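Number of protein chains: 6
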Amino acid sequence: MFSVTVRDHIMVAHSFTGEVFGPAQKLHGATFVVDATFRRPELDDDNIVVDIGLALEELRAICGGLSYRNLDDESDFAGINTSTEFLAKVIADRLADKVASGGLGAGAAGLTGISVTLHESHVAWASYERAL
Amino acid sequence: MFSVTVRDHIMVAHSFTGEVFGPAQKLHGATFVVDATFRRPELDDDNIVVDIGLALEELRAICGGLSYRNLDDESDFAGINTSTEFLAKVIADRLADKVASGGLGAGAAGLTGISVTLHESHVAWASYERAL
Amino acid sequence: MFSVTVRDHIMVAHSFTGEVFGPAQKLHGATFVVDATFRRPELDDDNIVVDIGLALEELRAICGGLSYRNLDDESDFAGINTSTEFLAKVIADRLADKVASGGLGAGAAGLTGISVTLHESHVAWASYERAL
Amino acid sequence: MFSVTVRDHIMVAHSFTGEVFGPAQKLHGATFVVDATFRRPELDDDNIVVDIGLALEELRAICGGLSYRNLDDESDFAGINTSTEFLAKVIADRLADKVASGGLGAGAAGLTGISVTLHESHVAWASYERAL
Amino acid sequence: MFSVTVRDHIMVAHSFTGEVFGPAQKLHGATFVVDATFRRPELDDDNIVVDIGLALEELRAICGGLSYRNLDDESDFAGINTSTEFLAKVIADRLADKVASGGLGAGAAGLTGISVTLHESHVAWASYERAL
Amino acid sequence: MFSVTVRDHIMVAHSFTGEVFGPAQKLHGATFVVDATFRRPELDDDNIVVDIGLALEELRAICGGLSYRNLDDESDFAGINTSTEFLAKVIADRLADKVASGGLGAGAAGLTGISVTLHESHVAWASYERAL
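Protein chains in written order, with this note's numbering: chain A, 1 to 132; chain B, 1 to 132; chain C, 1 to 132; chain D, 1 to 132; chain E, 1 to 132; chain F, 1 to 132.
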């Protein structure tokens, strides 16, 4: 199995609902360093997993649509705890949509899986992994 | 599949038995930076994998029970080579016990796997992965 | 010259005033990984720069007083752009106060400088350096 | 499942053929930081995954056979795009050959898998994973 | 003293002249992860060291003018060993020119120093520091 | 001012004397990732700060003379707290001796300073800086 990973980041405000979150129930914020991994069992005709330029570009576009805002005010996330693990899924699903709609090029049709890791600090990170 | 990882560290002395260990047969030491990963297929009702505060706290307690000592003198490890990979299993198993006994909260009942990685230097690390 | 550095982090929301900040004028957030460095020309009687346990403890206390909040609502920062470089100075000055009031132990009287670096992402960080 | 990873690096020139590579069609170069992971379900009689000294030595030998050259001039890679993901496979396969020929010691017979990750920058890396 | 650092990277081929370079006399290549630091004693009216958006943009432009090429073929570097330390100076000087010509904004007039670090691998890096 | 840094590591056991050390008064251990920086105002005739191959080799030799042992048993350190900051000085001074005796090549005569940083964990490191 082959994979390629590209990195970008988002900077957001948000708050959580539920006693389990302790002080994070208050409005606070985070930088999430975002690693997006694309997987496939065999390389394509160019000997690659995915066009890394397009992968970086599409990840940047998705991060741009999430960054520099208060996630509590986003209609997409109304009533939802935007935990690190949940946001990993949001980004993975949006990347999967890009793959399906051809945004990562024709070669990306051979991709079989995506995973996304969000680093919230030097001591904590979360991931979501899915098939394509 | 979702996961959350938290990081802590231990600082220990130990020695190894067996020619394969070369100079490490002598008493020496290591800092192990410890990454503990918790896995589950679906998020819980709070939209998380595990209470990250409790995860950090329990990992800290386990690290506290191993750190600042000579592992050669610990009865738990009598006659055992406390290799990096073996210590990864020790910590993963102790975390699994914590999950089973409720130390990571009721929500942690949905966890299905744990893996632990110990970084012994900038050029070597070891992992152990198990089901719950 | 000797130095010792310890690391912690804060997670905050804030917004900026001024066209130079572009999209960061909107309420957003950041994780700042905080590195605090203590300097002195000679080691103390214990052969150290500073009690590293106390240094970690006091840095944690200062980070605790800043984290998990919206800095726009803090009276200390009313009307101030809480840029990364400014926050580095805030933390350095608070550490300097701790040194002066004995919070880092008697040995810390020999410290001659402090610097603080705040990492806001994998591609940007800021520092402030001062004498004691 | 247990694993051990060791790190080394190579510094190479190369160029790519195909429009998908954009500016990388020109002769350029890369440092690849190479992480080689060895896997097995149970530890050996010495309580380890693999002789880490031999693992570092064999990885160094393989890296030495690739580094400080223009891959476009290597007969092994004639007419091949030496992408990061392809080179990960090259190194993993060469390590697998070493395991098979006894270069990693008798204990290495219990290894069941190898994966190799090549970091080409702080924002991109690629991996290849195979069974033994 | 305050500073802000931004990161980008270049991927180049080159060779060196001189026995001191050993195997690096052959055409090879490197990824240089580039950290550019801007310094000043006091913050500007916006409470910052430099417009970080412009800093990233100008660093990207300078990296773009160096990356994806064989430095041996660049007229700027004819007959010059493009060592890591030398390239750090090239980038620092080009950034200094940008500051002087207003490319980093009017506020950048208060900058007093620049340093650039190029990481060539996980075990080696080089820096150049200059006044403005 | 130019600098070049190379990295290696040591793995040692030791204990400390003095209440300030808390639990670290017991025999324990550490991995110290060692960064050695060489400084000079102008590059040499080869356009470099120092022969990086020799720098890595000499640092490796010095690390080899410290690693895989219990520092409490070393006559060089009898009655001395081998703190991270102290060990940074030990390594810097040994490197300075190598420079003086020609071990880093004739070009190294132009070096004006050395600093050494020892990383003891992901949250603590110490440095020593000296002139040549």
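Cβ atoms here follow ideal geometry from the backbone N, Cα and C, with glycine treated the same way. What you are looking at is a predicted structure, and each value in this text was computed from that prediction instead of being measured.
If you draw a straight line from the Cα of Gly110 (chain A) to the Cα of Ala96 (chain B), it comes to about 37 Å. Interface criterion met: the Cβ of Asn70 (chain F) is under 8 Å from a Cβ in chain B.
Counted as a single uninterrupted DSSP element, the alpha helix (DSSP H) harbouring Thr84 (chain E) occupies residues Thr84 to Ala100. Taking a beta-carbon distance threshold of 8 Å, Glu74 (chain E) does not count as an interface residue toward chain D. For Ser75 (chain D), the secondary structure class from DSSP, reduced to helix, strand or coil, is helix. Around the Cβ of Asp35 (chain E), a 10 Å sphere holds 16 or more other Cβ atoms; the residue is buried. Close to chain F, meaning a Cβ-Cβ distance shorter than 8 Å, are the following residues of the stretch 116-129 of chain E: His122, Val123, Ala124, Trp125, Ala126, Ser127, Tyr128 and Glu129. Within its own chain, the residues whose Cβ lies closer than 7 Å to the Cβ of Thr31 (chain B), once the five positions on either side in sequence are excluded, are His9 and Met11, listed in chain order. Chain-ordered, the chain F residues with CB closer than 7 Å to the CB of Ser83 (chain E) read Asn47 and Ile48. Distance between Ser3 (chain B) and Ser75 (chain F), taken at the CA atoms: about 49 Å. One Cα belongs to Leu54 (chain C), the other to Arg94 (chain D), and the distance between them is close to 49 Å.
Boundaries around Gly29 (chain B) are those of the beta strand (DSSP E), His28 to Arg40, since no alpha helix (DSSP H) includes it. With 16 or more neighbouring CB atoms inside 10 Å of its own CB, Glu85 (chain B) falls in the buried class. Here Ser67 (chain A) is buried. Its C-beta has 16 or more other C-beta atoms within 10 Å. For Ile52 (chain C), the CB contacts under 7 Å within the same chain, skipping 5 residues up- and downstream, are Val4 and Val6 in chain order. For Glu19 (chain E), no beta strand (DSSP E) segment is defined, and its DSSP state is neither H nor E. Among the residues of chain A, those whose CB is under 7 Å from the CB of Leu27 (chain C) are Ala13 and Asn70, following chain order.
Per the Cβ contact rule, the stretch 36-48 of chain D is in contact with the stretch 110-119 of chain D (3 or more Cβ pairs under 8 Å).
Taking C-beta atoms under 8 Å as the contact rule, Val20 (chain A) and Asp46 (chain B) qualify, at a distance of about 5 Å. Between the beta-carbon of His28 (chain F) and that of Arg69 (chain B) there is about 6 Å, and that keeps the pair under the 8 Å contact cut. Non-local C-beta neighbours of Gly103 (chain A) in its own chain, meaning closer than 6 Å and more than five positions away in sequence, comprise Glu58, ordered along the chain. Residue state for Ile62 (chain A) is assigned as helix, using DSSP reduced to three classes. Inclusion of Tyr128 (chain E) and Ala88 (chain E) in the CB contact set at 8 Å is warranted, their separation being smaller than that value.
In the three-state scheme derived from DSSP, where H, G and I count as helix and E and B as strand, Leu104 (chain B) is classed as coil. Per DSSP, the continuous beta strand (DSSP E) segment holding Gly113 (chain A) begins and ends at Gly113 to Ser121. Gly107 (chain A) sits away from Val33 (chain A), with the two beta carbons spaced by 8 Å or more. For the stretch 28-39 of chain F, residues whose beta-carbon sits nearer than 9 Å to a beta-carbon of chain B comprise His28, Gly29, Ala30, Thr31, Phe32 and Val33. Taking C-beta atoms under 8 Å as the contact rule, Leu71 (chain F) and Ala13 (chain F) qualify, at a distance of about 7 Å. The CB of Gly18 (chain A) comes closer than 9 Å to the CB of Asp45, Asp46, Asn47 and Ile48 in chain B, given here in chain order.
For Ile91 (chain F), no chain C residue has a C-beta closer than 7 Å to its own C-beta; the minimum C-beta separation is roughly 13 Å.
The Cβ neighbour count for Thr17 (chain C), taken over all protein chains shown within 10 Å, is under 16; the residue is labelled exposed. Here DSSP, grouped into helix, strand and coil, assigns Ile48 (chain B) to coil.
Listed in chain order, the non-local C-beta contacts of Lys26 (chain D) below 8 Å within the same chain comprise Ser15, local neighbours out to five positions each way being set aside. The residue among A:Pro23, A:Glu42 and A:Gly22 with its C-alpha nearest the C-alpha of Arg130 (chain D) is A:Glu42. For Ile10 (chain B), the enclosing beta strand (DSSP E) covers residues Phe2 to His14.
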